[in-house]
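What follows is a set of notes on a single structure, which appears directly below.
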Amino acid sequence: MLLVIGVAIMFTTALNSHAANRRDLWFMLPVDVLHLICAGFWVGGLMLLGLALPRALGAFAPGTGDLSRLISALIPHFSFIVMISVILLSITGVTEAVVDLGVWKALWISSYGQILLIKLAIMISLVCLLAYHLLYISPRMRIYARAIDEREANNVPGSGKVHRVFIKMQKTEALLAFCLLLSVGALTSLNPAWPAALSLPNSVTYKGTISDLTYLLAINPSKPGPNTFEVILKDRTGQPVKADCTVFLREIMLDMDMGIEQIELQPVPGHNGLYTTYSEVLSMAGHWQMTLLVRRSGFADIKKNITFSMNV
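Rendered as C-alpha cells:
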C-alpha cells in the first residue's frame, strides 16, 4: 500500500516537472516517473541507513558478532537495489538530459547544465562509496562474523575500526544524498537549456514583447549565407507557450529591392514554445528588416518588425 502511495506521489510530482511541458508527454512523463521512483529507492535508503542505523546499533550486544553479521548481510542486499536503481537512473537521466539540453555544450554554458554536472558528480561519489562498501567493508564483516568464537567476533583486530568506518561513511552518504536532493530542487526551478543557436556563443539575439507574448529570436552565425533561426515564445507568466502556433520570419533587404522572403519555423519536439529552421535567406551583407509573424488559432495574427545590420 505504501509503495502504491509512493508511486502516486512520484506521478503527481512528475506532472509539475519539466516533463509535463514537453510535447512528447506520453513518453517523457513515464520516463520522469521511473527516474523519480529509482531516486526514491536509492536516496531514501541512504537517508534511512545514515540516520536510523546508527541509533539502532546500540541494541546489539558487544562481543556477539551480530553487528558484523548484520553489516555483511545488509550491504549486498542494499547494493543490489542500488545497482538496479543506478542503471535505470542512468538510462532515464541520459534520456532526459538529451531532451532537455539538446547539445552537450549546454552542460557548460547554461545554469541548468552546470547544476546537472554537480548532480552527476554527487551521484558518482555515492556510487564510489557503494563500491567501497561492497568490495571492502562487506567482505571483512563476513570474515569477522565467521570467527571461530562468535563471542569474540567483534573483538577480532580491526573489526571495531571497520564498524566505525562503516557508520561514518553511512553518515557521509546521507549528507551527499541531501546535497543531491538540493541539486534536484535547483534543477526544477530552472528552465532547461535550449538547443542549437541559443546554445552557441556567436549567436545574435533579439528579444521583446508582442501582444501577450514575449519572444527571443536567435540567429547563428548571423553572417551572409546559411543561418540557424530560433524563436522562443513565452506567455505573461514567463512559461513557454503550450498552444500550437505557426511561426514565420519575413525578410526584406533594405539596401536594394530583392523582394520579400518568408520562411516557416518548425516546432522542436519536446520543447514547448521553441521553433527553429535552417535557411540561406540572408544571402547578402547590409541592412535587413525581419518580421516575426505568429499565428494562433482563435487569435489575431501578431507581428514584430526587427531591423538589423549584417556584416561579412
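In UniProt numbering, the protein residues as written are 1 to 312.
Backbone N, C-alpha and C define an ideal beta-carbon position, used for all residues, glycine too.
Chain-order list of residues whose beta-carbon lies under 7 angstroms from that of residue i (same chain, five-residue window excluded)
i, result
"residue 258", "none"
"residue 330", "No statement about residue 330 is possible, as the shown extent of the chain runs from 1 to 312 and does not include it."
"residue 118", "183"
"residue 279", "227, 229, 263"
"residue 296", "243, 245"
"residue 299", "none"
"residue 43", "177, 180, 181"
"residue 236", "212"
"residue 206", "217, 306"
Expected contact under 8 angstroms - CB spacing of residue i and residue j to nearest Å
i, j, result
"residue 124", "residue 179", "Going by Cβ atoms, the distance from residue 124 to residue 179 rounds to 13 angstroms, so no, they are not a contact pair."
"residue 291", "residue 250", "4 angstroms"
"residue 187", "residue 112", "7 angstroms"
"residue 81", "residue 45", "7 angstroms"
"residue 127", "residue 86", "6 angstroms"
Beta-carbon proximity check, residue i vs residue j, cutoff 7 angstroms
i, j, result
"residue 177", "residue 47", "yes"
"residue 234", "residue 214", "yes"
"residue 71", "residue 141", "yes"
"residue 129", "residue 96", "no"
"residue 204", "residue 183", "no"
"residue 210", "residue 302", "yes"
"residue 166", "residue 143", "no"
"residue 208", "residue 255", "no"
"residue 219", "residue 273", "no"
"residue 170", "residue 49", "yes"
Same chain, Cβ closer than 8 angstroms to residue i, five either side skipped, listed in chain order
i, result
"residue 134", "75, 76, 79"
"residue 266", "275, 276, 277"
"residue 88", "34, 35, 38"
"residue 115", "183, 186, 187, 190"
"residue 92", "31, 32, 34, 35, 38"
For residue i, the three-state DSSP class (helix, strand or coil)
i, result
"residue 273", "coil"
"residue 254", "coil"
"residue 49", "helix"
"residue 185", "helix"
"residue 265", "strand"
"residue 218", "strand"
"residue 327", "Nothing can be reported for residue 327: it is not among the residues displayed for the chain, which extend from 1 to 312."
"residue 304", "strand"
"residue 240", "strand"
"residue 223", "coil"
"residue 229", "strand"
"residue 297", "coil"
"residue 44", "helix"
"residue 208", "strand"
"residue 203", "coil"
Cutoff 6 angstroms; reference residue i; Cβ partners in own chain excluding five residues on either side
i, result
"residue 261", "251, 281"
"residue 304", "210, 292"
"residue 139", "none"
Residue i Cβ short of 6 angstroms to the ligand MG heavy atom set
i, result
"residue 39", "With respect to the ligand MG, the structure shown offers nothing to examine, as it has no ligands at all."
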